[in-house]
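Visitor: Quick one: this structure, given as structure tokens, is what I'll be asking you about.
In this note's numbering, the protein residues as written are 17 to 340.
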């Protein structure tokens, strides 16, 4: 296994690690190929080398600001002076990617599920990022973990969103609260919280509208939802999860910035990570907005939404075993 020694693992991967490796093939093929080409093109470590590395990381959607900070940290690492060739930089780059995400902290990537009582999660994100499907996949996972799950169709501004979530609820066999028509979304959330409490549900997953054109209206809407939830369940919502389509690249960063301004985002779910050759957005979001990546989409199946694992992610970027 390429670089397996960096992670303290043997060649036998668990199923989740294999999903990351397969799901990140597009990113790995593009990113690692460019990285190797740059490193092999220099016999010595020079400023031109760092300039070319900067281009590689920017093209991987790590973002300009994050990339510049990353390259500065790499350049200043004392181990670089000991390298006899540019190719010896690769394990140091891997270490620096860990540092970039962790920032010297213990990052909790798990969903904040309460040990006792009801857990309430709000899902935000623009239309078309896979928010409804993501809610269904999480409902499926939590149900399989033994949780009693209820959905709330809070995106009342799009009839299609309500219908889609209703179909998903049937497919994964969980209950749902719906008010069809131009209904105040907060009233849907209120009814859902009431039903969740009375029915002793473990988790309530709430869809919300994906309108971003009017930030003031979105802020007021989300504030009202939060107020309704907090009034009924002190300390809730326990998560406000921003869903971003990884294939949108830098546009995804703009969405993170916009939603982070209008609500208290606690974590990010990246869909379609398997469909992009620019999976560096994971590091960009973490670095720029200090938000943890909670889950990532590594395929189309119900079971292909995985809890984010930094080690598996970085191994997915560098481990070429499956590509050989």
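For every residue, glycine included, the Cβ atom is placed at its ideal position computed from N, Cα and C.
1) Start and end of the alpha helix (DSSP H) containing residue 56?
2) Taking contact to mean at least 3 C-beta pairs separated by less than 8 angstroms, is the region 267-275 in contact with the region 83-90?
3) Once you ignore the five residues that flank residue 211 on each side, which residues in its own chain have a CB closer than 7 angstroms to its CB?
4) By Cβ distance below 8 angstroms, which residues in the same chain neighbour residue 133 in space, the five residues on each side in sequence not counted?
5) List, from N- to C-terminal side, the beta strand (DSSP E) runs of 3 residues or more that fit wholly inside the region 166-254.
6) If you follow the alpha helix (DSSP H) that residue 81 is in, where does it begin and where does it stop?
7) Is the region 177-190 touching the region 149-161, taking contact as three or more C-beta pairs under 8 angstroms?
8) Determine the contact status of residue 136 and residue 308, defining contact as a CB-CB distance below 8 angstroms.
9) Comparing C-alpha positions only, which one of 141, 331, 255 and 104 sits nearest to residue 262?
10) How would you call residue 118, buried or exposed, if buried means at least 16 neighbouring beta carbons within 10 angstroms?
11) Would you tell me roughly how many angstroms separate the C-alpha atoms of residue 156 and residue 90, rounded to the nearest one?
12) Rounded to whole angstroms, what's the CA-CA distance from residue 158 to residue 71? Just pull it up for me.
13) Count the CB pairs spanning the region 48-56 and the region 29-36 that are closer than 8 angstroms, and state whether there are at least three.
14) Would residue 139 pass as a contact of residue 131 if the rule is Cβ separation under 8 angstroms?
15) Could you give the residue range of the alpha helix (DSSP H) that holds residue 278?
16) Rounded to a whole number of angstroms, what is the C-alpha to C-alpha distance between residue 218 and residue 243?
17) CB-CB under 6 angstroms to residue 235, same chain, minus the five flanking residues each way: which ones, in chain order?
18) Give, in chain order, every unbroken run of the beta strand (DSSP E) that is at least 3 residues long and sits entirely within the region 126-168.
19) Taking 8 angstroms as the cut-off, decide whether the C-beta atoms of residue 7 and residue 333 are in contact.
20) Classify residue 68 as helix, strand or coil using the three-state DSSP reduction.
21) Per DSSP, what kind of secondary structure is residue 257 in: helix, strand or coil?
22) Going straight from the alpha carbon of residue 75 to that of residue 208, what length do you get?
23) What is the DSSP secondary structure of residue 346, reduced to helix, strand or coil?
24) Our contact map puts residue 265 next to residue 77 with C-beta atoms below 8 angstroms; I'd like the distance itself, whole angstroms only.
Guide: Inspection of the coordinates gives the following:
1) 41-56
2) no
3) 166 and 193
4) 249
5) 191-193 and 219-223
6) 80-92
7) yes
8) no
9) 141
10) exposed
11) 41 angstroms
12) 41 angstroms
13) no
14) no
15) 266-278
16) 20 angstroms
17) 278
18) 135-140 and 165-168
19) In the structure as shown, the chain starts at 17 and stops at 340, and residue 7 therefore has no counterpart that could be examined.
20) helix
21) strand
22) 43 angstroms
23) One cannot answer for residue 346 here, as it falls past the ends of the chain, which runs 17 to 340.
24) 5 angstroms
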